[in-house]
Every structure is written in structure tokens, then in C-alpha cells.
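A short worksheet on the structure shown next.
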Amino acid sequence: MKVGSYIPQQASKVLYAMIGDDCSLHHDLEKLTPKQQADHSENQILTCALQVALIGLGKSADHVAMAEQFKEEAWFDLLCHYVNMFEQMALTPVRSANISFHPLNQFYQNLSETLPPVDLINLYMISGSNMVLHNSIEALEISRNTNSKLHFAQNAPAAGIPVPATKIYKKSELASGHASHFFKKNKDGLMVKLLGLAGARNVFTASNVEECLSIVEEYEGNQDVLLQEIIDTKRFEEMTVDLTITPDEITISNVRKILFAGDKWVGNFISHELLLTDSHREQLINVGRYARNQGHVAKEGTNCGIDYFVAGEEVIVTEINARWTGGLFPVEFLRKLNVKKPAIAFFDTIPIDQIATLQNFQQQHLYGASKRNSFQYIPMGFCPFKMEVDGASNLLIWQIVIGDFKSFVNACKNHFRDAGFLTADSIYREALG
Numbered sequence: 174m175k176v177g178s179y180i181p182q183q184a185s186k187v188l189y190a191m192i193g194d195d196c197s198l199h200h201d202l203e204k205l206t207p208k209q210q211a212d213h214s215e216n217q218i219l220t221c222a223l224q225v226a227l228i229g230l231g232k233s234a235d236h237v238a239m240a241e242q243f244k245e246e247a248w249f250d251l252l253c254h255y256v257n258m259f260e261q262m263a264l265t266p267v268r269s270a271n272i273s274f275h276p277l278n279q280f281y282q283n284l285s286e287t288l289p290p291v292d293l294i295n296l297y298m299i300s301g302s303n304m305v306l307h308n309s310i311e312a313l314e315i316s317r318n319t320n321s322k323l324h325f326a327q328n329a330p331a332a333g334i335p336v337p338a339t340k341i342y343k344k345s346e347l348a349s350g351h352a353s354h355f356f357k358k359n360k361d362g363l364m365v366k367l368l369g370l371a372g373a374r375n376v377f378t379a380s381n382v383e384e385c386l387s388i389v390e391e392y393e394g395n396q397d398v399l400l401q402e403i404i405d406t407k408r409f410e411e412m413t414v415d416l417t418i419t420p421d422e423i424t425i426s427n428v429r430k431i432l433f434a435g436d437k438w439v440g441n442f443i444s445h446e447l448l449l450t451d452s453h454r455e456q457l458i459n460v461g462r463y464a465r466n467q468g469h470v471a472k473e474g475t476n477c478g479i480d481y482f483v484a485g486e487e488v489i490v491t492e493i494n495a496r497w498t499g500g501l502f503p504v505e506f507l508r509k510l511n512v513k514k515p516a517i518a519f520f521d522t523i524p525i526d527q528i529a530t531l532q533n534f535q536q537q538h539l540y541g542a543s544k545r546n547s548f549q550y551i552p553m554g555f556c557p558f559k560m561e562v563d564g565a566s567n568l569l570i571w572q573i574v575i576g577d578f579k580s581f582v583n584a585c586k587n588h589f590r591d592a593g594f595l596t597a598d599s600i601y602r603e604a605l606g
């Protein structure tokens with residue numbers, strides 16, 4: 174039995190085990206700051222949606238480990254609804270007998286006591302929390318290095334990878350004024366990046382040292398803080414790709430455009446029309462070589478995401494994610510369903526009391542249900558928790574929409590009385606405008 178973070182397309186029998194691994198890569202989960210603890214809990218909840226998606230992406234003989242909250246009657250009924258939709262779309266989801274449930278905070282320890290007979294254990298990423306499964310200090314160090322924004326900023330230039338102007342300070346050095354000159358040089362402010370969590374949870378903007386110090390207030394004086402120039406988004410477009418890395422080959426498996434609304438990431442635009450020039454391709458493949466030289470490689474194929482900005486032939490790489498990425502899931506759904514049309518993948522919410530309305534809406538517009546629909550809906554997952562938004566209980570759901578997105582937004586307004594799919598509305602008004 175091999176354990177690692179492999180690409181989805183595996184012929185071998187696989188156990189998928191993924192639950193909020195980012196924070197334990199660099200931090201002791203018993204010694205988190207209050208914000209880190211809140212962010213880690215939110216990340217655990219969010220990755221539950223990935224577990225649902227893995228049922229649809231896996232083979233019937235595969236296994237999926239899930240949070241025990243899915244066993245609760247209301248959530249289990251909704252999970253069965255999702256599995257039924259996967260089957261209606263002609264996928265071959267993981268059979269129910271191969272789904273196991275585990276406590277959120279002892280997920281991997283509990284799973285390790287009842288491992289099924291599989292060839293591969295496929296993790297979101299090698300991390301400290303799943304050490305009980307991979308048992309490799311070497312693999313953990315490789316993952317720490319390749320997934321570290323600090324390590325990448327320090328080492329990428331020597332590998333010929335273009336990165337933004339970057340400086341790294343201790344928190345105590347910030348307080349002593351060491352970064353004042355860097356802020357004065359960048360009058361529009363700087364990006365502030367910290368180790369330990371994915372996405373916006375550890376990336377901020379600050380206009381001066383004082384604002385930066387307020388961001389890192391909870392941390393000790395020896396905390397590393399990465400300051401990086403802000404890329405001009407009027408000139409550059411932000412993109413992301415996934416690479417497949419093996420000992421013999423590095424290939425680009427997909428290209429995605431990142432969608433923003435209100436300066437926040439809201440989804441991915443996926444299309445075969447997002448072409449790479451030869452120069453872009455070579456620079457991105459070179460990032461894959463860098464990751465492989467760091468030890469991020471497997472003969473089964475391992476994934477590496479790259480976040481970058483492009484303007485003409487100019488490329489600036491901001492970070493790499495040597496693991497599964499959020500965009501890899503929708504891309505794999507589209508591949509398995511042989512969808513060639515452009516698509517938008519995103520998270521959104523609906524009021525918790527409108528789950529029945531959601532189910533009817535999903536069935537009505539389900540991919541393959543009717544060719545007369547102006548758009549088609551591909552469900553991926555949901556989180557088995559009530560999420561409070563502006564004092565109201567909501568359900569967080571994950572999906573792909575193909576076709577006329579405006580028609581989708583209008584249909585949502587008709588079905589959910591302007592209370593559901595508000596992110597979709599923002600995507601249409603701001604990100605696609």
C-alpha cells in the first residue's frame with residue numbers, strides 16, 4: 174500500500190482521505206492562535222465538500238473516508254441525493270459499502286485503525302495531520318518546502334522562475350522598522366503572506382507597517398512574514414494551471430482563469446479556449462521541474478498547481494501548490510463527463526430551509542437531463558454543517574455550470590426568492606462583466 178498525493182486518474186484501487194490538511198503542514202494543531210484555530214476549523218468544514226466530490230470522481234471499487242457528520246439523517250439523505258445525481262450523469266460513483274465515516278478532529282487516526290485493502294491511499298497533501306498514514310519525515314519535509322510560499326520566494330529565482338519582488342522579515346523586525354523602506358517603495362501597499370493555510374486565509378494586503386503588524390498581532394516575534402509587491406491587475410491577468418509530474422514527464426493538465434468579485438476569489442472559469450503560448454508553457458513546465466527537483470514526484474503522477482499572472486509573453490509566478498487543488502476537482506468532473514464547453518465552478522450558499530427546493534432545481538437542470546436547457550448543472554459537493562451568514566442558517570454547496578450563466582442566475586432568483594446563489598449573481602455582475 175502506497176501513500177501520497179496522486180492525480181485522480183488511477184487504475185489501481187484507491188482510498189481517498191482528505192480533511193483540512195493545510196494548517197498542520199507548518200503548525201502544531203495543539204498550539205494554534207485563535208485565528209488559526211478558527212481558520213483550521215473552517216478549512217475542515219470546507220473540505221467535506223471535496224469528500225462528496227470524490228465519491229463521484231472515484232471508481233466503484235475505490236474507497237472514500239468522510240466526516241462522521243454525514244451520518245446524521247438529514248445530511249445522509251442529502252448525500253444519497255448527490256450519489257443518485259452522480260449515477261444519473263452516468264458516472265460510476267464509489268459504492269456505499271466503501272464509504273467510511275470518521276470524527277473530524279481524529280480523522281486520520283480513526284481511519285488508520287480500519288484501513289481497507291487498497292493499492293493507494295490518495296491524500297489532498299502530505300501533512301502533519303496525516304503522518305499516521307504516510308509515516309515519512311522525508312515526505313513531510315518535501316511537502317513543507319514545495320508548499321511553502323517563503324521557500325518558493327527564496328529559491329525560485331535561482332531556478333529561473335520569475336517571481337514578484339519579495340522580502341521576508343521576522344515579526345520583531347517589522348516592529349523595529351526594518352520593512353519601512355520596502356513599504357515606502359511600494360506606495361500601493363504590499364501583499365502579506367503567512368505559512369499554514371490555503372488561499373485567502375493567510376494572504377492579506379497592508380498599506381504600511383502598522384497595518385501589517387495588526388495582521389500578525391497574534392503571532393510570536395519570531396514569526397516569518399513574507400511581504401510581496403502587489404501585481405497590477407489592470408495590466409496582468411491572474412491564471413492558474415495544474416501540472417502532472419512523473420519521473421519522466423511533466424505535462425499541463427488544465428488551465429483556468431480565476432474569477433474575482435469584490436476583490437475576492439469566487440470561482441474558476443475553465444475552457445479549452447484558454448490557450449498557452451509556447452513561452453508560457455515552457456515557463457510553467459520549468460516550475461514543474463523546480464517542484465520535481467525538490468522531490469515532489471511520483472510514478473503514478475502527482476499534481477502541482479501554479480498561480481501566476483500573465484501580460485503578453487510576461488509571466489510572474491506567485492506560488493505553487495504541490496497537492497490537489499480546488500480546481501482539479503471540477504476539471505476532473507468535466508473530463509469524466511467529456512464536456513468540451515466552457516464552464517464555471519464555484520461555491521455558493523442557499524438557506525438551510527430550502528434544501529428541498531435545491532434538490533428539485535438540481536434535478537431539473539442536471540447535466541444530461543435535457544438538451545433544451547440553456548444551461549446545465551453539475552453537482553460536486555456540499556458541507557454537512559449549518560453556516561451562519563448575516564444571522565441566517567445556510568448550506569454551502571459546490572457546483573459547475575455549463576452554458577448560459579445569465580440564464581442560470583435568473584433561474585436561481587426565481588427558485589430561491591433572491592436568497593440563494595448570491596455568489597453566482599456576483600460572478601455574473603462583476604467577474605464576467
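Offset between the sequence shown (1-based) and the numbering used here: plus 173. A virtual CB, placed ideally from N, CA and C, is assigned to each residue, including glycine.
- The beta carbon of Val488 sits closer than 8 Å to the beta carbons of Pro335, Ser452, His453, Gln456, Leu457, Tyr481 and Phe482 from its chain, once the five residues preceding and following it are set aside; these are given in chain order.
- Judged by beta-carbon spacing, Ile575 lies within the 7 Å limit of Ala516, meaning their Cβ atoms are closer than that value.
- In this structure, Pro420 keeps its C-beta atom at 7 Å or more from the C-beta atom of Val389.
- The Cβ atoms of Pro557 and Phe259 lie no closer than 7 Å to each other.
- Each residue's CA atom was taken as its position, placing Met174 and Ala332 some 34 Å apart.
- Straight-line spacing of the CA atoms in Leu447 and Lys366 works out to 28 Å.
- In this structure Tyr179 is not in contact with Leu252, their Cβ atoms being roughly 25 Å apart against a cut-off of 8 Å.
- Bridge partners of Val225 according to DSSP: none are assigned.
- For Ile315, there is no enclosing beta strand (DSSP E); the residue is found in the alpha helix (DSSP H) stretching over Ile310 to Thr319.
- With fewer than 16 other CB atoms across the displayed protein chains lying within 10 angstroms of its CB, Val562 is exposed.
- Within the segment 517-577, the beta strand (DSSP E) runs of at least 3 residues that lie entirely inside it are, in chain order, 548-555, 560-562 and 565-576.
- For Glu245, the closest C-alpha among the options Asn271, His275, Asn257 and Arg268 is that of His275.
- The shortest CA-to-CA distance from Lys559 to any of Ser321, Leu568 and Pro552 is the one to Leu568.
- For Ile443, the uninterrupted beta strand (DSSP E) run begins and ends at Lys437 to Ile443, by DSSP.
- The Cβ atoms of Phe520 and Trp571 sit closer than 7 Å to each other.
- Excluding residues up to 5 positions away in sequence, Glu402 lie with their Cβ nearer than 6 Å to the Cβ of Ala338 in the same chain.
- Look at the beta carbons and you see the segment 396-411 touching the segment 340-352: at least three pairs across the two are nearer than 8 Å.
- In this chain, the beta strand (DSSP E) harbouring Ala240 covers His236 to Ala240.
- In the DSSP assignment, the residues bridged to Tyr481 are Met412 and Val490.
- Secondary structure of Glu473 (DSSP, three-state): coil.
- Looking at the DSSP output, Arg429 sits in a beta bridge with Thr413 and Ile443.
- Residue environment: Lys360 is assigned as exposed (fewer than 16 neighbouring CB atoms within 10 Å of its CB, all protein chains considered).
- Beta-bridge pairing by DSSP links Ala434 to Lys437.
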